[in-house]
Every structure is written in C-alpha cells, then in structure tokens.
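Scroll down for the structure; my scribbles are underneath it.
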Amino acid sequence: MSAAVLTTPAPTITIEADPKIGLRGHLRHTGALIRRNLLWIKQDPESMMDAVLMPVIFTLLFVYVFGGSIGQALGGGHGAYVQYVIPGMIAMMSMNIAQGVGTGFNEDFNKGITDRFRSLPIGRGSVLVAKIAVELLRLLVAITVVMAIALLVGFHVNGHWGGLLASVGLTALFGSSIMWIFLVLGVTMKNAQSVQGVGFLVMMPLQFGSSIFAPTGSMPGWLENFTKYNPMSGLADAARGMMAGGPVAHGLTMTLAWSVGLTVVMAPIAIRKFTQKS
Amino acid sequence: MTRIDKHPESGRPVAVSVRGLVKHYGATKALDGVDLDVHEGTVLGVLGPNGAGKTTLVRCLSTLITPDAGRAVVAGYDVAKQPRQLRRVIGLTGQYASVDEKLSGRENLYLIGRLLDLSSKEARSRADALLERFSLTDAATRPARTYSGGMRRRLDLAASMIGRPHVLYLDEPTTGLDPRTRNEVWTEVKGMVRDGVTVLLTTQYMEEAEQLASELTVIDRGRVVASGGTDELKARVGGRTLRIRPADPLELRPLADALDGLRLTGSATAAVDAETGEVLVPIVSDEQLTTVVGAVTARGLTIGSITTELPSLDEVFLSLTGQKASAPQDVRPELEEVAV
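Each protein sequence line maps, in turn, to chains H and E.
The letter at position 33 of the first sequence is residue 458 when you use my numbering, and the numbering goes up by one with no holes.
The letter at position 97 of the second sequence is residue 99 when you use my numbering, and the numbering goes up by one with no holes.
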C-alpha cells in the first residue's frame, strides 16, 4: 500500500482566485519601501554626494573652462554661456541619476533581501516604483544644489520661475523613463560593475552628442543629425526655452514622446524580469 | 483561509503536499519528479548534497520560481494558481541571510511587517516582540551589517516569523556557521516548532536533520532516493561508530572480545584498530552506548576514552543509493568527545 502514497494525487481543493492588491495596499507597500531607501541615505549620506558632485563639477568646469570661448561664439561671453548651459545641466542630471538606480538595484539583487521581498504578498512593481521615487528625490536635491551654484556663477532666472519648475518636472519625468532601462539592466546583468560600464557607454554619446553643452550648428553634419534625434537635445532645448521664455514646442513634444514611449516599453519588461528572475 | 487536508493514507493532516514536481534549467533537471509530504506541526528534513535540488525545491514552494510540471499545495494553497495567498502563510529563511544590512534590526522587522499589511503600530509592536524573543533587543537599533553571523540568522528567522507563518522554509539555515552558532539557531528553530509551526528544512548535515527533523526525505539529482522517519533511515545507514581506547593498552584484545560478545547490531562486530589502539563498535542508539559502557565496566576493564563517529553524508548516500554523492562535500565525519 505504501507505493500508493506516491501515486495518489494531492487532495482536490476548491481554488479561490488570488485577490487583487488594492490601491491602498500598493501605496502602503511602496511607502514602506521608500522609507527603507531613505534610511539607506540616512545611513550613508555620502551616497548623496555621488549624485550632487558630478553635476556641480561639470557646471564649474564648463562655465569657467569652456564658457568664455563658447560664449563668444554665442555672441555674448561668459554670461551668455551660463544662461545657455545651466538648463542643459539640469537635463543632463536626468541621466546621471538614472544610472545609479541600476547599480544600486543590482547590488540589492545579489543579496537575499530581494528574495524575501519576492516571497511576500506585495505587488512586485512596488519594489521598483519605490526605487524610482527615491532616486527622483535625490534628483531634486541635486538640482537644488546645482541651481544654487548656478546663481552664484551668475545665472539669471529673469522671472521665469514657472519655466524653471516646469523644466525640473520634465527632467524628472524623462529621468524616470530612463530609470526603467537601467532597472532592466540591473535585473539582467551579472554585477554592478557591468551595469555601470554599459551605463557609461550609453550615457557618454547621448550627453555629449547633444545640445546640452554647446549649440549643434558647428558640429559635422552626421553628428548634427544625431543630435536632432537625441532625446537629450530635446530635453535640453525644452528646458532652455522654458527657462528663457523661448520656443519650447519641438523639444517638449520630443521629450514627452520619448518619456512615454520608454516607460510603456521598459516598465513592463523590468517588472516581468524582476518577477521571473530565478 | 488556510485549509489543511488529511493525508489520504496516514490520516494525519498534511501542511505541504508535493507531487511530481519538475524544474529544468536547460538540460539540467534540478527537480525530476519530487513527491513529498510535510505533516502538520512537524519538521521534515530534506537532506541532500550540493546541487541535489534542495534550494530549487524551496524556491518553487515559496513561489520564487514556477515549476515546469507537477503540483504543490501549501496550507491549502496551490503554488502555481494562488501565489499571493500562499505568500501570506509562509516564512522563508534562505541560505544567505535575507535582511537589509544597512537597516537596523528593528527597521528590518518593521519593514517586513508593513509589507505584510500590519498597521504601523502593529508592525512596531510585533518587531519589538520578536527582537525580544530572538534576544536581539540590545542590538535593535544597530545596522544589521554590524551583527555577528548568528545574530544575523536570528534576525532572519525573526523576519520570517513576522507574519505568523503556517509553514516555514529553512533553506540550509546553518551552512557556514560555527558549531556554537549552529546550536543557537537549532534552539530557536526548536522553539518555533513548539509553537506549532510546520517546518520544511533543507540541510546537508545529517546531524542537523537528526537534531530538528522527525521525518526525512533524501534527495539526489532532483529525485527522492529515500524517505521515512529519522531513526528508520539512521538504522539503514548504520548509525554511529564508537571508538573505545582502553586505559591500559594491554587490555585492547580483552576489550574487543568483550564487545564482540555483545552482538549489538546483529551483523557488524567489534573491530580492532591496532594503529590507534582503539576498538571500533557500530551502534544505532544511545541505549546501545550505555550497554557498551556497562558491559565493559562489568568485565572490570577501564576505559581511557570514547569518541563517537557519525556517518558522513557521503556514507548516507553510499548506503542509500549505492553511489557517491554527486557533488563534492565539505562534510567530514564528525568526532565528538564523550565525557567518561
């Protein structure tokens, strides 16, 4: 009779479908995970420096080293370049911050804690959404610091405060869509170094092959064409327009299209890869 | 609602029921049709070498991976069809401590409580109660990365207990721990079992299985090679070997003769290891140890020292499957001193 044990099927039971997690549940889970990520920053305040330091150095470098000559080409001088490059800096930070999300996430993944999260009855997107929320917060802090530096080196808002806020919002939106790409990399790649390596390879051409640091008119034709389709140019142009009261329509449409497109494609991939990682 | 069904044959309630579970990784069959049952309120030890499929089994049962075929029901919930409800009734402590190193012990437990939908007040009081229970109150506010290996495992166990799980999976809970810390973890696990938690424990240590489990399933290369009560399997393996050294080396031969006459396990007899000056006697129970000591004393012989040698996992496998374990082992025969 003992052989029968193995052939007897498990007793049949009525299967009630899994209940859905309500909005309140999602908010509670995401909130708890955001709190976790904020405690990380509290534990390790230097991690904030990574986000702030590079844009500050870039701002000072470009304003003081290249600023004079590019400014002359712009038909002004040092001051004209400051007005040109600061909106670009803000746009640039969307990518810098996004790269960090992938590295941090990958480190998390190689520890047991992610398995624990995945064995809990929570929506699996909440781990990723919490990560993005905290990185956006980090972005806002970094932008605040860079704006303070910008005012010190002679940037004038000229009353376009609304435009400034709108540029920050657009940067955050675009940044979050880029973060989904890095989350996919973070889940799929073996270690944090490879995520950083690939991130760097993608970031460099997109940041420098754009209108962030200099007008694209004097670039060779092939590069100028690249910058036209580069979303970083769109974002930088839109930010520049909004902060100076110039034309925004083209840059704004382009940035919104890229942001929505990337999120719609990458977010489901990231969540699925996270859910199915084994 | 948690539903526990009775085992069709034994009539005892079954908390975990696995039938024909299969999981492939490419050409590798990590699980190749596993059947097992964990009875309500008991500990089932799943014993096997590295790469036997133990961790894959636990990951299937905790919904981290989806099996390719077969069926598993935990506390009445189907692993494949009701993952979310199932996650509410299980606790998981993996091979690597799954706590957030940067958070304090209390924050770790609070986080899990919130993710399990406790109110923030409930989550806080549950965290404090568990810190107390696992003797971590003093370290509650320190980041987990400053904890010792044993504290980390205790925190890990505490985190698994937040949701008052019906079934707890312990995946090699003491791998990499020193013997003292291992004992600490065992004590905690025994406490949880006393509270009525059903445990599925994977281990590569025979000793751990003996300490904690009442029933054993031995798996190798994704298949169950033996299952039954701990004592039953131990008897099949041959139990332990006593090494007895007489106080007077000249008494070696008389000692061997005395022990040979006992005919303890039927087939095996006492053997003399001339090199070490010891007599080797196989035994299967602690009672037999007493019998041996009694017999020696009755003959007026004095014992210098006794050590017991436990069968290594290699020997278990050799005896159960007739082949060497499929992966290299870090488990050697363990010697333990018996005070005389």
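Beta carbons: idealized from backbone N, C-alpha and C, even for Gly.
Using alpha carbons as the reference points, say which of the options lies closest to residue i.
i, options, result
"H/N583", "H/P546, H/G622, H/G513 and H/G666", "H/G666"
"E/R255", "E/T243, E/V274 and E/G22", "E/V274"
"E/E134", "E/P284, E/K56 and E/A160", "E/A160"
"E/T243", "E/L157, E/G296 and E/I285", "E/I285"
"H/M614", "H/G447, H/N531 and H/L478", "H/N531"
"H/F625", "H/G537, H/A692, H/G500 and H/G527", "H/G527"
"E/T278", "E/T139, E/T30 and E/S307", "E/S307"
"E/T309", "E/A17, E/T30 and E/E280", "E/E280"
"H/K536", "E/L46, E/L252, E/T176 and E/T95", "E/T95"
"H/I538", "E/V187, E/A146, E/L105 and E/V101", "E/V101"
"H/H581", "H/F607, H/L458 and H/Q508", "H/Q508"
"H/L590", "H/A664, H/V673 and H/H454", "H/A664"
"E/T293", "E/D197, E/L264 and E/G302", "E/L264"
"E/T204", "E/D233, E/T232, E/S216 and E/L172", "E/L172"
"E/E109", "E/R14, E/T143 and E/A77", "E/T143"
"H/S544", "E/A141, E/A249 and E/Q87", "E/Q87"
"H/A567", "H/L499, H/R549 and H/D475", "H/D475"
"H/G671", "H/H585, H/Q468 and H/I459", "H/H585"
"H/R697", "H/Y489, H/L608, H/G493 and H/A682", "H/L608"
For residue i, which beta-bridge partners are listed by DSSP?
i, result
"E/V48", "E/T204 and E/T219"
"H/L598", "Answer is none; H/L598 lacks a bridge partner."
"E/S307", "E/R247"
"E/I285", "E/R242"
"E/K31", "E/H26"
"E/V40", "E/V18"
"E/T95", "E/L172"
"E/P145", "E/S106"
"E/R73", "E/R21"
"E/Y112", "None, per the DSSP bridge assignment."
"E/A273", "E/L282"
"E/R225", "E/D222"
"E/G55", "E/G55 pairs with nothing; no bridge assigned."
"E/G231", "E/E217"
"E/D80", "E/V75"
To which residues of the same chain is residue i closer than 6 Å at the C-beta, ignoring the five residues directly before and after it?
i, result
"H/L576", "none"
"H/G588", "M667 and M668"
"H/G496", "G502, H503, A505 and Y506"
"E/A125", "Y112, G115 and R116"
"H/L464", "none"
"E/S269", "Because the pLDDT at E/S269 is just 44, under 50, the model does not fix this residue reliably, and the point stays unresolved."
"H/I606", "M691"
"H/F651", "G634"
"E/A258", "A272, V274 and V281"
Spatial neighbours of residue i within its chain, please: C-beta separation below 8 Å, excluding the five flanking residues on both sides.
i, result
"E/A32", "K25, H26, G55, T58 and G224"
"E/I221", "V36, V48, L49, G50, A54, G55, K56, L59 and V227"
"E/C1", "Beyond the ends of chain E as shown, which are 3 and 342, falls residue 1 of chain E; an answer cannot be given."
"H/I466", "S472, M473, V559 and R563"
"H/E649", "T641 and G642"
"H/M520", "G600, I603, M628, L631, Q632 and M657"
"H/T432", "Confidence at H/T432 is low in this model, with a pLDDT of 47, below 50, so its placement is unreliable and the value that follows should be read with caution. Answer for H/T432: no residue qualifies."
"E/F136", "R156, L157, L159, A160 and E190"
"E/W188", "T176, E210, Q213 and L214"
"H/G447", "none"
"H/V685", "S602"
"H/S427", "Confidence at H/S427 is low in this model, with a pLDDT of 42, below 50, so the placement of that residue is unreliable and no value is reported for it."
Kindly list the residues whose CB is nearer than 7 Å to the CB of residue i, restricted to its own chain and excluding five residues on each side of it in sequence; keep chain order.
i, result
"H/M604", "A523, V526, I557 and E560"
"H/W481", "For the record, residue 481 of chain H in the displayed sequence is Val; it is not Trp. Taken in chain order, the residues that qualify are V570, V571 and I574."
"E/A71", "G22 and V24"
"E/V199", "P167 and L170"
"H/N462", "A555, K556 and V559"
"H/G529", "none"
"H/A533", "Here residue 533 of chain H is Asp; the residue named in the question, Ala, does not match the sequence. Only T539 meet the Cβ criterion."
"E/V45", "V195, V201, L203, L214, A215 and S216"
Any heavy atom of the ligand GTP inside 7 Å of the beta-carbon of residue i?
i, result
"E/D102", "Here there are no bound small molecules, and the ligand GTP is not part of this structure."
Query raised in the report: Are the region 173–185 of chain E and the region 551–566 of chain H touching by the rule of at least three beta carbon pairs closer than 8 Å?
Result: By the Cβ rule, the region 173–185 of chain E does not count as touching the region 551–566 of chain H, because fewer than three pairs are nearer than 8 Å.
**Report entry** contact_flag[the region 647–661 of chain H, the region 582–602 of chain H] where n(CB pairs < 8 Å) is 3 or more
**Finding:** Here the region 647–661 of chain H makes contact with the region 582–602 of chain H; the two share three or more CB pairs at distances below 8 Å.
Report task. Run through the region 164–211 of chain E for me and flag every whole beta strand (DSSP E) of 3 or more residues, listed as ranges in chain order. Result -> Whole beta strand (DSSP E) segments, 3+ residues: 169–173 and 200–205.
Query - Length at least 3, wholly inside the region 470–556 of chain H: the beta strand (DSSP E) runs in chain order - result: None, since the region 470–556 of chain H contains no complete beta strand (DSSP E) of that length.
Requested in this report: Determine, using beta-carbon pairs with one atom in the region 49–68 of chain E and one in the region 18–32 of chain E, whether at least three such pairs fall under 8 Å.
Outcome: Yes, they touch.
Query raised in the report: Can we say the region 160–179 of chain E touches the region 85–96 of chain E, given the rule of at least three CB pairs closer than 8 Å?
Result: A contact exists between the region 160–179 of chain E and the region 85–96 of chain E.
Report task. Tell me, please, whether the region 124–139 of chain E touches the region 197–210 of chain E by the rule of three or more beta-carbon pairs shorter than 8 Å. Result -> Segments in contact, no.
Query - alpha helix (DSSP H) runs contained entirely in the region 631–661 of chain H, provided each spans 4 or more residues - result: For the region 631–661 of chain H, the continuous alpha helix (DSSP H) assignments of 4+ residues that do not extend past its boundaries occur at 646–654, in sequence order.
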